[in-house]
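To start, the structure itself, in structure tokens.
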Amino acid sequence: WQNRMALVGYARVSTIDQNLDIQLDALKNAGCKKIFSEKKSGTSKKDRTALDECMDYIREGDTLVVTRIDRLTRSILDLQNLLHYLKEKEIHLKALE
Numbered sequence: 019w020q021n022r023m024a025l026v027g028y029a030r031v032s033t034i035d036q037n038l039d040i041q042l043d044a045l046k047n048a049g050c051k052k053i054f055s056e057k058k059s060g061t062s063k064k065d066r067t068a069l070d071e072c073m074d075y076i077r078e079g080d081t082l083v084v085t086r087i088d089r090l091t092r093s094i095l096d097l098q099n100l101l102h103y104l105k106e107k108e109i110h111l112k113a114l115e
């Protein structure tokens, strides 16, 4: 078993009219080799397929990288639950802004 300690990016915009490119470029420039992205509302974690896939992919020792914390969720409760999950799995979180 080898710990790859990867930088894993997650990008989200709320509407299909918004563009992911700025976030994707920032995550690539930060060294993320794998990036999950989606166009979904941040008010609920429900139906956030890319975030779920990201959580399935990311491993102990990895760092989840976002441009801003609010890209993960706009719900304080969802954020608390996500932070608890990351801590339990020994996954780091880095916000670029």
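For the sequence shown, the numbering used here gives the first residue as 19, with consecutive numbering after it.
Using N, Cα and C, we set each Cβ at its ideal position, and we do this for glycine too.
When the beta-carbon positions are compared, Leu114 and Thr67 stay at least 7 Å from each other. When secondary structure is reduced to three states using DSSP, Ile40 falls in the helix class. A Cβ-Cβ separation of about 6 Å places Ile53 in contact with Ala29 under the 8 Å criterion. Taking the Cα positions, Lys46 is about 21 Å away from Leu104.
If you draw a 10 Å sphere on the C-beta of Gln41, you find 16 or more other C-beta atoms in it, and that means buried.
For the 7 Å CB-CB criterion, Val26 and Ala48 do not form a contact. Contact annotation: Ile109 and Ile76 have beta-carbon atoms nearer than 7 Å.
Considering only Ser93, Lys57, Glu71, Leu111, the residue with the shortest C-alpha distance to Asp35 is Lys57. A direct Cα-Cα distance of roughly 26 Å separates Val31 from Lys107.
Around the beta carbon of Leu95, fewer than 16 other beta carbons sit within 10 angstroms, so the residue counts as exposed.
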